[in-house]
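Beneath this line is the structure, given in structure tokens, with notes to follow.
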Amino acid sequence: MTRFSSKRGAVIFTPLLAMGVLAIPLASADIGSRLWATGGVTTIEGSAGGGLVPWALLGSYASDEEWGGTVAISRAEVDDYTLAVIGASLNWNNRVEVTFARQTLDLSSLKQDELNQDIFGVKVRLMGDALYSPWGQWSAGVQHKRQQDFTVPEAIGARDNGGTDVYFAGSKLFFAAMFGRNLLVNATVRGTRANQGGLLGFGGDLNNNYEFMAEAGAGVFINRQWLLGAEYRQKPDNLGLAPEDDWWDLFIAWVPDRRLAVTAAFVNLGDVATLKDQQGVYLSLQGSF
Amino acid sequence: MRLGIMTTHFAALVVLASLVLTGCQSFHREPDNSLYLQLGERAGIADVVEDLLYLIVDDTRISHQFKGINVAQFHRHLTDQLCELSGGPCEYAGREMRESHAAMGITNTQFNALVENLILAMEENDVPTAAQNRLIKKLLPMYPDIRHL
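So the sequence lines, in the order shown, correspond to chains A and B.
Take 1 as the starting number for the first sequence in the numbering used here and just add one per residue.
Take 1001 as the starting number for the second sequence in the numbering used here and just add one per residue.
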């Protein structure tokens, strides 16, 4: 069952792609100046980071005198679900990142066809540089989420169809840290009421308040084109009918050039909407300009 | 009493032994020059710096910052600096980093551009990834001086 470009996905992705192509001559003729692979990749929520966790890095390669942006298309295929994501970002001066993502969770195994969610994100680099500052780079961000198909989430006890996550993240690249290889470490704390990231709505019968969640990621640069790593994301457990597990993944990212990043991962999403132990593969393509 | 003296002698011996062992390591061993060797010694470093200068000239992000320099002197100074930094038998005779970059107003964009060109120059000279990373790590403490932070 591979429907790589759902109709809705194609409709949104085409203008995004066109926007990206048009933006290339508008931005400086050259792509941004930050070093290869230091913009991270596009997470499933649109913010720059790994796959599941937003990092303190800002997307694209824009440095302090430059504009940059990304477009990305991602897909996670786990046992009973498919999550498709399209995302786009703009970065001004490596100071502010503005992102948009649309998530589509295919629920063919349940009654409803699919759940859609839009995520509008802003991340600000507060201080530091992940590569050059001894104390790394620190950023804060918000993700405003709008769940578009609330019937199923409401039926299992979710309170709201919209919510805003806030997070604080630190990232640091340690040069020549392991066998002469560079090590990238990230820690994030998120305040959230989201169930399964918001796809199952916000708040619930067990808990309806903001809770702090810990998230982390680490990766080793085999060389400047290959990053191998893992991520962990703690999650709330707000719904009595649909217990929720923490997420984790093992990823490998290939950045042959600043313009392209390909990420593949093994993801473990645990129990999702009453279906047990959802594991599978994740693939993401990102273009930068 | 005799036991006491023996204990004292033994303790002195241990202290002496540890002094000799650590002392040998920190005072008499050659400084760690493995990075210097991986970079191809002074000749290899000189090649990297030469390629770096060619890349800088072609890079509109930073070439203007190098206008009017004495190229031969700059090449010699930077080669000596990287040689010394990597554990080689050289002595950097150029100006202090903070002083020499004071009036340049170097941005992060320009700093990134230089690091990128240095990595490309090392790649052109087949410097192994680990040695590239180790050299950049040694250069990092200069970041605040160069950026004038």
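Beta carbons are placed, not taken as given, at the ideal position from N, Cα and C, and that holds for glycine.
Who are the neighbours of residue i on chain A, taking C-beta pairs under 7 Å?
| i | result |
| --- | --- |
| Asn1112(B) | Ser33, Arg34, Leu35 and Ser63 |
| Leu1140(B) | Tyr132 and Phe175 |
| Tyr1143(B) | Tyr132 |
| Lys1137(B) | Phe175 and Ala176 |
Near residue i, which residues of its chain fall below 6 Å by C-beta distance, leaving aside the five closest residues on each side in sequence?
| i | result |
| --- | --- |
| Glu1041(B) | none |
| Ala264(A) | Ile252 and Leu283 |
| Gly170(A) | Ala56, Gly136, Trp138 and Ala187 |
| Tyr1036(B) | Ser1086, Gly1087 and Gly1088 |
| Val21(A) | Model confidence at Val21(A) stands at a pLDDT of 47, short of 50, so the residue's coordinates are unreliable; what they give is reported in the following sentence. Here the set comprises nothing. |
| His1077(B) | Gly1094 |
Please compile the residues from chain B whose C-beta is within a distance smaller than 8 Å of the C-beta of residue i.
| i | result |
| --- | --- |
| Gly180(A) | Pro1128, Thr1129, Ala1130, Ala1131, Asn1133 and Arg1134 |
To which residues of the same chain is residue i closer than 7 Å at the C-beta, ignoring the five residues directly before and after it?
| i | result |
| --- | --- |
| Ile1062(B) | Ile1056, Gln1110, Ala1113 and Leu1114 |
| Cys1024(B) | The predicted model places Cys1024(B) with a pLDDT of 48, which falls under 50 and marks its position as unreliable; any figure quoted below should be read in that light. Excluding positions up to five away in sequence, the list is empty. |
| Ser63(A) | Gly32, Ser33, Arg34 and Asn94 |
| Leu105(A) | Tyr81, Leu83, Glu114, Leu115 and Leu199 |
What residues match up with residue i in a beta bridge as DSSP calls it?
| i | result |
| --- | --- |
| Thr164(A) | His144(A) |
| Gln278(A) | Gly270(A) |
| Thr263(A) | Ala253(A) and Ser284(A) |
Should residue i and residue j be called a contact, given that it needs their Cβ atoms to be closer than 9 Å?
| i | j | result |
| --- | --- | --- |
| Leu58(A) | Val85(A) | no |
| Arg296(A) | Asp118(A) | Outside the shown range of chain A (1 to 289) lies residue 296(A), about which nothing can therefore be said. |
| Ala155(A) | Asn195(A) | no |
| His1101(B) | Ile1136(B) | no |
| Phe221(A) | Leu183(A) | yes |
| Val124(A) | Thr99(A) | no |
| Ile44(A) | Ser74(A) | yes |
| His1075(B) | Leu1053(B) | yes |
| Phe175(A) | Arg1134(B) | yes |
| Gly203(A) | Gly163(A) | yes |
| Asn1108(B) | Asp1059(B) | no |
| Gly50(A) | Gly40(A) | yes |
| Glu215(A) | Tyr232(A) | yes |
| Asp271(A) | Gln278(A) | yes |
| Ala48(A) | Thr70(A) | yes |
| Val1049(B) | Leu1082(B) | yes |
Could you pull out every residue in the same chain whose Cβ sits closer than 8 Å to the Cβ of residue i, ignoring the five residues on either side in sequence?
| i | result |
| --- | --- |
| Ile1106(B) | Gln1065, Ile1146, Arg1147 and His1148 |
| Gln1132(B) | Ile1119, Met1122 and Glu1123 |
> Of the residues that make up the region 65-96 of chain A, which ones have a beta carbon closer than 8 Å to any beta carbon in chain B?
Replying inline: Glu65, Glu66 and Asn94
> If contact means a Cβ-Cβ distance below 8 Å, which residues of the region 113-128 of chain A contact chain B?
Replying inline: none
>> Short of 9 Å Cβ to Cβ, which residues in the region 1092-1121 of chain B face chain A?
In response: Thr1107, Asn1108, Thr1109, Gln1110, Phe1111, Asn1112, Ala1113, Val1115, Glu1116 and Ile1119
>> To be precise: take each residue of the region 158-186 of chain A, compare its Cβ to all Cβ atoms of chain B, and keep it if any distance is under 8 Å. Which residues remain?
In response: Phe175, Ala176, Phe179, Gly180, Arg181 and Asn182
> At a Cβ cut of 7 Å, what residues of the region 1044-1065 of chain B count as close to chain A, listed as they run along the chain?
Replying inline: Arg1061
> Which residues, taken in chain order from the region 213-244 of chain A, show a beta carbon closer than 9 Å to some beta carbon of chain B?
Replying inline: Phe221, Ile222, Asn223 and Arg224
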